[in-house]
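Peer 1: Here you go, one structure.
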Amino acid sequence: MGLENIGQKVKDSLVGVIRGAGDILGATIEETRKATVSALRGVGDAGSAASGLVAEVITGALQAAAQVGAEVGSTAKGAVIGVVKGVGEVTTVTVGVISDAVRAAIKGTGEVGGDVADASASLAQSVVGATKDTAVSLEDAVAGIARGAIMGTKDVGGDLTTAASSTIRGTIHGTQQVGGDVIEAIRASASGLVKATGEVGGDVAEVTRNAIVAAVRAAEGVGVNTEKAASAAGSGAMEAAQGIGESAIKAVTGVAAAGVEGVKVVIETPFKKK
């Protein structure tokens, strides 16, 4: 299977599979994995082709789900996991591939009428696990997921602040499930969210505030120290803000100074892993 019309080919193959599948998630993972492997093995430079390919495969899968009335959330999750697995079988999974996959899944979810916020949380949680066996570190993977979530939400005109909350929440649960460093994952996610928000001209202050609130609430739910979670989110946001400019730095500083959810937000720059 070459790259030509790959999205349509995936859609056509998945329509029948999804229609008769009891396990939509599992079926989607396997079909998108096979399609990705087949397509990448047919090109000379698989690494360069991977980023463009994943978006086509994921879009095709979501269009198939919409056509047969299947559950979009499971299909989006399965498609992202499938393409990450497929890319990993042929070439190296990169942060760019992860980001592009999440972006395509969120954009595609919005285009077929799915819930973008739910997709952000679900994808963040599942993709953390899918990248565990790749060469990408947890922190880099989380940052890539965050970037993809913001970009995909922007593509469909969604609420970036809600996307930030959902992504942080999913990241915390996903990281805990794989036994990763939750505090470091929060920092990396917040940094990725704020950096991408700055790139698309979004409200850095509101994204920062929502990221910290979500970090505190989700951390409390999984038994992680809320002050450390707030500090990690605030520090990650500041790390990104420093690369954006003075207005972003002031925005993050203002949010931290006000405190969030009754929790003091201590900015550590550079962030020191505890």
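Numbering (my numbering), first residue to last: 3 to 276.
Backbone N, C-alpha and C define an ideal beta-carbon position, used for all residues, glycine too.
Got a sec? Which residues, its chain only, sit under 7 Å from residue 53 by beta carbon, not counting five neighbours each side?
Peer 2: For residue 53, where only same-chain residues beyond five positions count, the Cβ hits under 7 Å are 98, 99, 102.
Peer 1: Please confirm whether residue 215 and residue 147 have their CB atoms less than 9 Å apart.
Peer 2: It is not a contact, given that the beta carbons lie outside the stated cut-off.
Peer 1: Which runs of the alpha helix (DSSP H) fall wholly inside the segment 73–138 and span at least 4 residues, in chain order?
Peer 2: With a minimum length of 4 residues, the continuous alpha helix (DSSP H) runs that stay inside the segment 73–138 are 74–92, 97–113, 118–132.
Peer 1: Have a look at 26, 186, 42, 13 and flag the residue whose alpha-carbon is nearest the alpha-carbon of residue 233.
Peer 2: That would be 186, whose Cα lies nearest to the Cα of residue 233.
Peer 1: Counting only beta-carbon atoms, is residue 219 nearer than 9 Å to chain D?
Peer 2: Annotation note: the requested chain D is absent from the structure, which comprises a single protein chain.
Peer 1: Could you say if the segment 236–253 and the segment 195–205 meet the contact criterion of at least three C-beta pairs nearer than 8 Å?
Peer 2: With the cut-off at 8 Å, the segment 236–253 and the segment 195–205 touch.
Peer 1: Take residue 156 and list the residues in its own chain whose beta-carbon comes closer than 7 Å to its own, dropping the five residues that flank it on each side.
Peer 2: If we look at residue 156 and ignore the five residues flanking it on each side, its Cβ neighbours are 162, 202.
Peer 1: DSSP on residue 268, reduced to helix/strand/coil?
Peer 2: Of the three classes helix, strand and coil, the one that applies to residue 268 here is coil, per DSSP.
Peer 1: Using the C-alpha atoms, what's the distance from residue 75 back to residue 258?
Peer 2: When rounded, the distance between both Cα atoms is 34 Å.
Peer 1: Measure the CB-CB distance between residue 140 and residue 134 and report whether it falls below 9 Å.
Peer 2: Result yes, Cβ atoms of residue 140 and residue 134 sit closer than 9 Å.
Peer 1: How many angstroms separate the CA atom of residue 127 from the CA atom of residue 13?
Peer 2: Rounded to whole angstroms, residue 127 to residue 13 spans 25 Å at the Cα level.
Peer 1: Quick check on this structure: which residue in 78, 56, 63, 37 has the alpha carbon closest to the alpha carbon of residue 96?
Peer 2: Of 78, 56, 63, 37, the residue nearest in Cα terms is 56.
Peer 1: Relative to the C-alpha of residue 15, which residue among 94, 220, 67, 175 is closest?
Peer 2: When only C-alpha atoms are compared, the closest one is 67.
Peer 1: Give me, in chain order, the residues of the same chain whose beta-carbon lies closer than 7 Å to that of residue 262; leave out the 5 immediate sequence neighbours on both sides.
Peer 2: Same-chain partners within the cutoff: 211, 214, 215, 218, 232.
Peer 1: From the DSSP output, in three-state form, read off residue 224 for me.
Peer 2: If DSSP states are grouped into helix, strand and coil, residue 224 belongs with coil.
Peer 1: Label residue 253 either buried or exposed according to how many other C-beta atoms from any shown protein chain fall within 10 Å of its C-beta, with 16 as the threshold for buried.
Peer 2: Classification of residue 253: buried, given that the 10 Å Cβ count is 16 or more.
Peer 1: According to DSSP, residue 262 sits in a beta bridge with which residue or residues?
Peer 2: DSSP, once it has assigned bridges, lists 265 as partnering residue 262.
Peer 1: Using only CA atoms, which one of 256, 108, 223, 225 lies nearest to residue 160?
Peer 2: Checking every option, the nearest Cα to that of residue 160 belongs to 108.
Peer 1: Out of 94, 268, 77, state which residue places its alpha-carbon closest to the alpha-carbon of residue 24.
Peer 2: For the residues 94, 268, 77, the minimum Cα distance to residue 24 belongs to 77.
Peer 1: With burial defined as no fewer than 16 other Cβ atoms inside 10 Å of the residue's Cβ, what is the status of residue 33: buried or exposed?
Peer 2: That one is buried.
Peer 1: Is DSSP giving residue 3 helix, strand or coil here?
Peer 2: Unreliable positioning characterises residue 3 in this predicted model, as indicated by a pLDDT of 49, which lies under 50. The coordinate reading is nonetheless provided below. Looking at residue 3 - three-state DSSP - the assignment turns out to be coil, as it is neither helix nor strand.
Peer 1: Let me know the secondary structure DSSP gives residue 43 once reduced to three states.
Peer 2: In this structure, residue 43 counts as coil in the three-state DSSP scheme.
Peer 1: Residue range of the alpha helix (DSSP H) that residue 196 falls in?
Peer 2: Here the alpha helix (DSSP H) through residue 196 covers 184–201.
Peer 1: The alpha helix (DSSP H) spanning residue 157 covers which residue range?
Peer 2: Counting along the chain, the alpha helix (DSSP H) containing residue 157 begins and ends at 140–157.
Peer 1: Our contact map puts residue 110 next to residue 61 with C-beta atoms below 8 Å; I'd like the distance itself, whole angstroms only.
Peer 2: Between residue 61 and residue 110 the Cβ distance is about 5 Å, and since that is below 8 Å, they are a contact.
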